[in-house]
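Right, one structure below, let's go through it.
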Amino acid sequence: MKLSVIGAGFGALTAIRRLRRLRPQAEITLIAPEPTFQYYPSLIWVPAGIRRREDILFDIRPLLERLDVRFHAGRVTGVSDDGRRVVTDNGEVENDGLIVASGGRFIKKLSGIEHAITLCEGIDAAEAIHDRLGEMDGGTIAIGFGGNPKEPAAVRGGPMFELLFGIDRLLRQQGRRDQFKLVFFNPSPRPGNRLGESAVDRLLDRMRKFDIETHIGAKPQRFEADRVITEKGEFAADLILFMPGMTGPAWLENAPFPTSPGGMIEADEHARIKGADKVFVAGDSGSYPAPDWAPKQAHMADLQAVAAAENLVAELDGQPADRTFKWELICVMDMLDRATLVFRNEKRQFVTPPCRLLHWAKRFFEWWYLRDLRR
Numbered sequence: 000m001k002l003s004v005i006g007a008g009f010g011a012l013t014a015i016r017r018l019r020r021l022r023p024q025a026e027i028t029l030i031a032p033e034p035t036f037q038y039y040p041s042l043i044w045v046p047a048g049i050r051r052r053e054d055i056l057f058d059i060r061p062l063l064e065r066l067d068v069r070f071h072a073g074r075v076t077g078v079s080d081d082g083r084r085v086v087t088d089n090g091e092v093e094n095d096g097l098i099v100a101s102g103g104r105f106i107k108k109l110s111g112i113e114h115a116i117t118l119c120e121g122i123d124a125a126e127a128i129h130d131r132l133g134e135m136d137g138g139t140i141a142i143g144f145g146g147n148p149k150e151p152a153a154v155r156g157g158p159m160f161e162l163l164f165g166i167d168r169l170l171r172q173q174g175r176r177d178q179f180k181l182v183f184f185n186p187s188p189r190p191g192n193r194l195g196e197s198a199v200d201r202l203l204d205r206m207r208k209f210d211i212e213t214h215i216g217a218k219p220q221r222f223e224a225d226r227v228i229t230e231k232g233e234f235a236a237d238l239i240l241f242m243p244g245m246t247g248p249a250w251l252e253n254a255p256f257p258t259s260p261g262g263m264i265e266a267d268e269h270a271r272i273k274g275a276d277k278v279f280v281a282g283d284s285g286s287y288p289a290p291d292w293a294p295k296q297a298h299m300a301d302l303q304a305v306a307a308a309e310n311l312v313a314e315l316d317g318q319p320a321d322r323t324f325k326w327e328l329i330c331v332m333d334m335l336d337r338a339t340l341v342f343r344n345e346k347r348q349f350v351t352p353p354c355r356l357l358h359w360a361k362r363f364f365e366w367w368y369l370r371d372l373r374r
C-alpha cells in the first residue's frame, strides 16, 4: 500500500504520524521542496530577537527516519490519474491514497505589494523586519492585513495583531516609542471579527490605549515605497508590514480537484475532496463547510489531518469514512511579555485580559509541540 502526503507543515506532519500508527507496514511518502518544518507561530518573536532562525526551522529527516517515511524532494506542479499520481519538478510519485496538506499561497495582486514585508512568508521575512527595525531611528510603521473576499477563512489576522502590539512593546522597552508612529490599517471597520465581537472591542481599545492610529474601513489600493494608499485616503509609511489574503496552491490548475470561488480545494466535513476517491485535504489548501469564523491553520490543520488520515485508511479498508473534526479557534495572542487568550467554538466564545502567564503558556506549548522534532 502506497500513501502520499503533500506538504511539510502542521497538517502534513500530523498526517504521516497518524498514517504510520494506523498502517505500520504501508509505504508512506512525504512530498515537499525541502525536508524542513517552519514553526510559524513563533515568527512574531523574531523581530524582537526572542527567537532566531534555528528556533524556527527544523530538519524533519530524523523524524521521517523514525517513522520510516520516504521523502521526495520536489515542488508539486500537478496531480493526475484522479489523484493517483503526484507530478513534481523532480519526478512523479504514485499512490493508493493521497492527503494534500501543502498550505495555501498569498494573493499578491495588490499594486506595489513588493514594498511590503509579509511576516508569514517565513523566517526570511521575519528577519527582514528585525533588521529594518534595528536600522530605523524613527518614522511611521504601517501594519495591516487583507483577506480573500470569496473565502472568509483565508486570512491571517492574528499574527498581525501580535506583530502590532509586539512592536509597540519592543519600542517601549527600548525607550524609543515616542520616535515612531504606528498605524494599523484594514479594509474592515471591525478588523478581526472572526475572533468575536468582544475580542474586536478589546483590540481597538488597546490600540487607543497605546497611541496606535487606525485607518480602517477602507480597502488598500496600492503601496508605494513610502506610503499606503487606500480608497479613503493615504498616509506616509517608512515600513509597511502587510499580510494579504490567501488562495489555493498554484498547482491546482493542473489537478482534477474542484475548487471553491476563493481558489481552495472543495472538501466535505470528513476532509474528503469532493468527487475524489481516496484523496483528502487538511489545512489551508482546503475549503470546508464551516462557520465563517473558522480557522484552517496550525491546531485546526492538525485536527483536520487526523480526520483525513483516519478516513483515508477507512476507505482503503472498505469501511465507512465518517470521522469529522470539531471547529474551534484557539488563539494565544502574544504581546512580547504578556498575552491574551481568544477561544471560540460553535457553542461559546471568550477572551481573557492580557497576563504574563499566557505568554509563558505560549512558550511552553512551543516547546511541547517541537519536542519530537528536536530529538
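For the sequence shown, numbering that gives the first Met the number 0 assigns the number 0 to the initial residue and increments by one for each residue that follows. The beta carbon of each residue, even a glycine, is placed where N, CA and C say it ideally should be. Nothing here was measured: the structure is a model prediction, and the numbers come from that model.
| query | result |
| --- | --- |
| Is the Cβ of K295 closer than 8 angstroms to any Cβ of chain C? | Here there is only one protein chain, and chain C is not present. |
| Here's a check: name, in chain order, each residue in its chain whose Cβ is nearer than 6 angstroms to the Cβ of E314, leaving out the five neighbours to either side. | K277, A320 |
| So E233 is in the alpha helix (DSSP H); what residue range does that whole segment cover? | Looking at the DSSP string, E233 is not in any alpha helix (DSSP H); the run it does join, the beta strand (DSSP E), is 232-235. |
| Hey, would you say R244 sits closer than 8 angstroms to I112, going by beta carbons? | What sits at residue 244 in the sequence shown is Gly, not Arg. No. Outside cutoff. |
| May I ask you to list the residues that DSSP assigns as paired with C119? | Note: C119 sits in no beta bridge, so no partner. |
| Could you say which of D371, G216, G195 lies nearest to I329 if we only look at CA atoms? | G195 |
| Please report the straight-line C-alpha distance between F391 and T258, rounded to a whole angstrom. | In the structure displayed, the chain extends from 0 to 374; residue 391 sits before or after that span and is not available. |
| Is it the case that the Cβ atoms of G262 and G282 are separated by a distance below 8 angstroms? | no |
| Going by the beta-carbon positions, is the gap between L66 and A308 smaller than 8 angstroms? | no |
| Kindly indicate which three-state DSSP category Q303 falls into: helix, strand or coil? | helix |
| Can you say whether F363 is buried or exposed, counting buried as having 16 or more other CB atoms within 10 angstroms of its CB? | exposed |
| Taking P260 as the reference, which of V78, R374, R171, N147 has the closest Cα? | N147 |
| Report the option in T28, S101, L132 whose CA atom is closest to the CA atom of E64. | T28 |
| Keeping to the same chain, check which residues put their C-beta closer than 8 angstroms to that of G72; ignore five residues upstream and five downstream. | Rather than Gly, the amino acid found at residue 72 in this sequence is Ala. Once the five neighbours on either side are set aside, the close Cβ partners of A72 are A31, P32, E33, P34, N89. |
| What does the alpha-carbon distance come out to for the pair R74 and V85? | 10 angstroms |
| What's the gap between the Cα of I211 and the Cα of R205? | 8 angstroms |
| So K361 and N344 are in contact, right, with Cβ under 8 angstroms, and what is the actual spacing, rounded? | Not confirmed; about 20 angstroms, so no contact. |
| Roughly how many angstroms separate the alpha carbons of L118 and I228, rounded to a whole number? | 20 angstroms |
| Runs of 3 residues minimum, wholly inside the segment 302-345: which ones carry the beta strand (DSSP E) assignment? | 327-333, 338-344 |
| So the beta strand (DSSP E) I228 belongs to, where does it begin and stop? | 226-229 |
| Measuring only the C-alpha atoms, how far is Q98 from D371? | Note that residue 98 corresponds to Ile in the displayed sequence, not to Gln. Rounded to whole angstroms, I98 to D371 spans 22 angstroms at the Cα level. |
| Just the Cα atoms here: how many angstroms apart are S284 and S101? | 6 angstroms |
| Rounded to whole angstroms, what's the CA-CA distance from G137 to L12? Just pull it up for me. | 42 angstroms |
| If you compare alpha carbons, which of P352, G121, G96, P190 is closest to I142? | P190 |
| Skipping 5 residues on each side, what residues in its chain have a beta carbon closer than 8 angstroms to that of D95? | M0, K1, L2, R83, K277, L315 |
| Are V199 and E126 touching if we call contact CB-CB under 8 angstroms? | no |
| Output needed for A300: all residues of its chain with C-beta closer than 8 angstroms, excluding positions within five of it in sequence on either side, in chain order. | G8, F9, G10, T13, A100, A281, G282, D283 |
| Looking only at C-alpha atoms, which of D54, Q348, E268 sits nearest to L369? | D54 |
| Assuming contact is defined by CB atoms lying nearer than 8 angstroms, are L203 and I43 in contact in what I supplied? | no |
| For G138, which beta-bridge partners are listed by DSSP? | F179 |
| Using the Cβ count rule (16 or more neighbours within 10 Å means buried), how would you classify D123? | exposed |
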